[in-house]
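*Asks:*
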Amino acid sequence: MKQSSLKDFLEFLNQQDAKSFKTDIVDKYLKTHPIDHEEFLPYTFFREETYGRNLIAKNDFFELLVLTWLPEQRTAIHDHANQRCWVLMELGSLTFKNYEPIGPIIDEKKYTLKPAGKAEVIKAGSSPAYIDDGIALHSIANASRKPAISVHLYAAPVARCRIYDEASKTFKWSELEYFTFSGNTWNETIQALH
Ligand SMILES: [Fe+2]
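First residue of the sequence shown: 11, per this note's numbering; consecutive thereafter.
1) Going by the DSSP bridge assignment, what does H148 pair with across the sheet?
2) So, helix, strand or coil for S160, using DSSP?
3) At which residues does the alpha helix (DSSP H) containing T54 begin and terminate?
4) Going by DSSP, what residues sit across from L1 in a beta bridge?
5) Please report the residue range of the alpha helix (DSSP H) in which F19 lies.
6) By Cβ distance, which residues of its chain are closer than 8 Å to S136, with the 5 residues on each side in sequence left out?
7) Using 8 Å for Cβ pairs, my map puts Y140 next to Q93. What's the rounded Cβ distance?
8) Whose C-beta lies closer than 7 Å to the C-beta of A126 among residues of the same chain, with five residues either side of it excluded?
9) Look at T78 and T54 and say whether their C-beta atoms are less than 8 Å apart.
10) Quick check on K182: does DSSP put it in helix, strand or coil?
11) How would you label D89, buried or exposed, when you count the other beta carbons within 10 angstroms and need 16 or more for buried?
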């Protein structure tokens with residue numbers, strides 16, 4: 011199958027809206043338009059302190075990110091506010107773990123979370139994965155000894171999510187930050203504005 015470019019993918023994404031992202035149009039596109047790994051390299055920056063969220067592009071309806079994972083880097087357990095999410099594994103593997111839904115999350119309330127089902131490992135070379143938006147809570151980890159790179163398409167974008175604080179057993183709001191923007195680091199982006 012002919013490899014597609016990131017430019018074509020972005021053109022396709024920019025033509026979608028809230029309604030079309032709820033259909034299987036993205037699944038169909040990804041099935042017939044595999045994207046060369048190298049297309050994502052300009053957006054791939056590893057971060058020492060935590061996994062890296064590198065923004066490729068976003069509008070009101072979607073957000074496309076390259077996530078970088080050094081060995082043992084992981085997300086907190088978090089929710090997804092009915093977002094749809096597609097994952098393309100570019101390098102290495104990631105372990106996805108779901109947790110049982112707990113009904114409405116109440117501030118200050120303590121919860122003990124139970125894993126739901128088996129952890130799922132997604133490896134580079136497998137077909138695009140879809141993260142069910144019905145899943146209330148999950149975490150993603152690079153449980154391997156090698157770096158991992160994944161591309162995440164979210165519809166719609168969210169600026170913050172709830173994360174589970176394992177020490178206090180309560181949920182807290184967390185602002186989602188970017189490590190780099192469209193291939194630039196934060197400092198370069200600030201400098202470009204001046
Ligand atoms: Fe997530």
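In this text, a Cβ means the ideal position worked out from N, Cα and C, and glycines have one as well.
*Replies:* Straight from the coordinates:
1) H88, N108
2) strand
3) From DSSP, T54 is part of no alpha helix (DSSP H); its letter is neither H nor E.
4) Nothing can be reported for residue 1, as the shown portion of the chain is limited to 11 through 204.
5) 16–24
6) M99
7) With a Cβ gap of about 12 Å, Y140 and Q93 do not count as contacting.
8) N108, Y109, E110
9) yes
10) strand
11) D89 counts as buried, since at least 16 other C-beta atoms from the protein chains shown sit within 10 angstroms of its C-beta.
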